[in-house]
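First the structure, in the form of structure tokens, and then the observations on it.
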Amino acid sequence: EYDDEGTEIGTSDEGSWESGVDGAEPGYLMLASPAAGTSYYQEYHEGEAEDMAYVVATGVTVELDDGTTYTGCVQTLDWNPLEPDVLEYKWYAPGVGVVKEEALTADETVELVSLAP
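The numbering used here runs 346 ahead of the 1-based position in the sequence shown.
Structure follows, in structure tokens:
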């Protein structure tokens with residue numbers, strides 16, 4: 347956790363889990379071969395961590411506010427049954443990862459601003 351100046355003000359293990367312990371299972375940030383219409387758990391520990399993703403589309407082109415364009419992206423709709431009012435879109439670029447996140451239930455967009463090897 348950080349304050350407005352970027353100084354760390356605390357840590358929390360809330361939502362943390364270990365696969366194989368207390369029924370927790372591994373999750374996937376992105377499927378190896380994502381296909382539109384597929385849903386999957388990004389993390390799963392019942393009642394603690396239940397993030398899910400639905401593949402909205404593949405082969406998407408995403409242009410960020412700075413003009414950077416990524417092609418061949420996967421768009422997901424992410425949600426969590428434990429927080430049903432929180433929905434967001436994410437776009438994953440090949441070889442990069444998440445390049446954009448857009449909250450559907452709040453006026454918030456996050457975009458990749460730099461990429462280093």
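Positions of the beta carbon are idealized from the N, C-alpha and C atoms, including for glycine.
Just so you know, these numbers come straight off a predicted model, no measurement behind them.
{"Check": "Candidates Glu347, Leu433 and Thr404, of which the one nearest alanine 452 by Cα", "Outcome": "Leu433"}
{"Check": "Whole-number beta carbon distance between leucine 423 and leucine 458, since they are thought to touch under 8 Å", "Outcome": "About 19 Å; that fails the 8 Å criterion."}
{"Check": "C-alpha gap between valine 445 and threonine 357, whole angstroms", "Outcome": "25 Å"}
{"Check": "Which listed residue (Tyr416, Tyr386, Gly441 and His391) has its alpha carbon closest to that of tryptophan 425", "Outcome": "Tyr386"}
{"Check": "Segment contact, 8 Å Cβ cut-off, at least three pairs: the region 362-374 with the region 389-404", "Outcome": "yes"}
{"Check": "Residue of Pro380, Pro372, Thr404 and Gly383 minimising C-alpha distance to threonine 391", "Outcome": "Going by the sequence as given, residue 391 is histidine instead of threonine. Checked all of Pro380, Pro372, Thr404 and Gly383; the closest Cα to histidine 391 is Pro372."}
{"Check": "Exposure of valine 420, with buried meaning 16 or more beta-carbon neighbours within 10 Å", "Outcome": "buried"}
{"Check": "Closest Cα partner of alanine 382 within the set Glu429, Thr353 and Thr404", "Outcome": "Thr404"}
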